[in-house]
Amino acid sequence: MRGSAIFGTAVLFFLAVSLLSSLPAESGNDAATHSQSWTATSGVALNAELIGTDGRSALLRLEDGGQIHSVPLSRLRESDREKALAPGVLRLPPVDFSRPPSAAQIGDLLRFGAQGEWFPLAAHLQAGLLTSYGAQHSASLERWYHLYRWIDLFQDKPFHADLAPDSGSFGENWSPELMLSVCRDAEFSREFFDLISPYDRMEEVSRILGMLHRAGPEVFEEYKSLALAIAVVHDQSPPGGWPLSVPGGLLPSNLMPPQDTFAFFVSSHRGGRLLLDPRRLPARKLRFMVDLIAPEEELLWAQQAIRPGVAQFGRTYSTVRYDHRRYGPHLPGFSEPWPHDDYRLQTIRRVGGICGDQSYFATQVGKALGLPTIYFSGYGDNGRHAWMGYFEGSSRGWNLDVGRYAQNNYRTGNARDPQTWRTIDDHELHFQQHHLHHTRAYANSRYHSTFAREFLLAGRESSALTAARRAIDAERRNRDAWDLVAEINRGNGRTAAYENTLRGAANAFTHHPHVRAHYRGLLADHYLDHEEFTQALNLLLQISQDTRRDRPDLSIHYARRFLEHARDRGDVNDLVNAYRQILSQLRGHISGSNFLHEIAMPFLNHLHANGHTNEARLLFSQTRRQLNVPQNTLAGHRLEELHQTLR
């Protein structure tokens, strides 16, 4: 927006002439004083509050709508230029975005903000960033962007409220040294803003980082990524029953305290007891290491008693002898609870256990030895199973198949992301470590999608769409860019554009079935929301057709989504017909246990509970014939339970 324009209205004047950045109304502090009239050299006038000036531009907050604009003084009439430069007006520090910020400049900006001026400083930097954005990836602009993001976090009401909703105190417990440390560290800044999510409790993240820094600034500097991983994992408690349910309160319900976790890993590394160097791992990996739940004395035992090499660590899973007495067809529900008086790692190794105990043991031992580890569970031909994965190092990546037993067809492993405690699967983890995320094309695409988000936040939708399309052109497999375009089109009611965006996104991820299915699922949801029942059914059946061999869990997931909609419509015939189509579509390609758990049991029980037992019985007979579930398996046991219910 560097060109001139015809100024028909005040809004057009500030959009076309000001080289502006518009920020959301109500962003920033409550320092509003009074509005004044401002007139452009073209004669267009409007009322706005003057926030400050850097000697070249005036930062104005409009009376109508509260948007904030940076207006070149040369575009104002002479009397208004004098008004903007009058004594007492806040003088904003001049910034040159063509060069990275120097260490001294960062210090000066932080001192300026700490004087109660975080809001005008953040607005000033955002305005300059969006004005300076161009078609080419600029390392200098990216560096300024991360500095702007820190300053935005430090203000009372961050512009990026989705990542710090009403935090109001991020950095309050930080020393000036810690502020300088993170803001000057380009790599840590990139890591921090790539990692944080709307699910993080930012005030608690800030408190933990401040606490770890105060305990030892030099140690914090050396293990900064470890501190970050601990902060984003320990900002909230894990859900009940994680990683598995053990009766009698024998398993701790909370993580080891963050300061103890940090001290444990630092001392373990310095004592040579870790298999990988935590200083060389990013926080995105380390978050799967710092979610310790076993007590420290057990972890210290593991470091002494179990010393495999990284490549041989997978054998740790099978060092726990399988206890066949606790699992078998002669037992109700096929699993007997833990029968011993304690659940220490030492005890598990001595007395043995079933798959959940083996996975818990191996994941906690791996973390004790400095390996990121993940506890997985999933359905296969023989019912539910637990296994584990661990990070083997930068050259080899993740091994997610320890104890998976390929012959039993466990296609998808589900786990908890310790940063958010939301479910994540092994396919998404594989996608996150895909080589495309380390290419120059993807870095360029991320640059554009980052600024696209910033333009949208600033109310400049057209510029946001332009930047997002540049991101897609640079690398079509950038989910953030597709999501932003879809968000804008949906928000504006552009139905055809929204549908085309979802189709385009699905086509971009042909070789990543779970991402492709996600966008097609959103399109199916869109059809269902608009009562386009036939189109939704056809699309969901197409998803099932494409994923039933390699990703039967996706087939189940989207089939269930459609059946839930048919159930909610209240038409029994719709539900019965949809169930039959799904059963026919998926037979021979899914585990009977998963189908019974996710589809047959909930929907046939629903029919039975609502007085449609005859329909439920007919569907049950078809289900039993087509699934061909073996007896003396968990699936067979569940099938018999359902049969007894419907008799």
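Taken in order, the sequence shown gives residues 109 to 755; the numbers are from my numbering. C-beta atoms are modelled at their ideal positions from N, C-alpha and C, and glycine is treated no differently.
Inclusion of R392 and L303 in the CB contact set at 8 Å is warranted, their separation being smaller than that value. Q223 sits exposed, since fewer than 16 C-beta atoms from the chains shown fall within 10 Å of its C-beta.
Residue pairing of Y498 in beta bridges, as defined by DSSP: T481, N507. The stretch 737 to 751 and the stretch 699 to 712 touch, with three or more beta-carbon pairs separated by less than 8 Å. For R322, there is no enclosing beta strand (DSSP E); the enclosing alpha helix (DSSP H) has its first and last residue at 310 to 323.
A check of alpha carbon separations from I259 across C291, Y555, G511, L158 identifies C291 as the nearest. For a cut-off of 8 Å, the C-beta gap from G474 to F421 is around 6 Å, short enough to register as a contact.
By the Cβ-count criterion, E299 is buried, with 16 or more other Cβ atoms from all chains shown falling within 10 Å of its own Cβ. Residue pairing by DSSP puts T531 in a beta bridge opposite R524. In the structure shown, Y487 falls within a strand segment according to DSSP collapsed to helix, strand and coil. DSSP places S305 outside any alpha helix (DSSP H), giving it a letter other than H or E.
Within the DSSP bridge table, the entry for Y430 names G461 as partners. In the DSSP annotation of this structure, N516 is not part of any beta strand (DSSP E), being labelled neither H nor E. When secondary structure is reduced to three states using DSSP, E706 falls in the helix class. In the three-state reduction of the DSSP assignment, V203 falls in the coil class. If you draw a straight line from the Cα of F262 to the Cα of W226, it comes to about 7 Å.
Every beta strand (DSSP E) of 3 residues or more that sits fully in the stretch 142 to 229 is shown, in chain order, as 144 to 147, 153 to 161, 165 to 170, 176 to 180. Taking the C-beta atoms as reference points, Y635 is found no nearer than 8 Å to A614.
DSSP, reduced to helix, strand and coil, places H720 outside both helices and strands of the structure shown, so it counts as coil.
The Cβ neighbour count for T424, taken over all protein chains shown within 10 Å, is at least 16; the residue is labelled buried. Contact between the stretch 358 to 374 and the stretch 327 to 339 is present, with at least three C-beta pairs closer than 8 Å. Contact between V341 and V398 holds, with the beta-carbon distance rounding to 5 Å and staying under 8 Å.
Distance from the CA of S729 to the CA of E607, rounded to the nearest whole angstrom, comes to 39 Å. Residue pairing by DSSP puts H493 in a beta bridge opposite G486.
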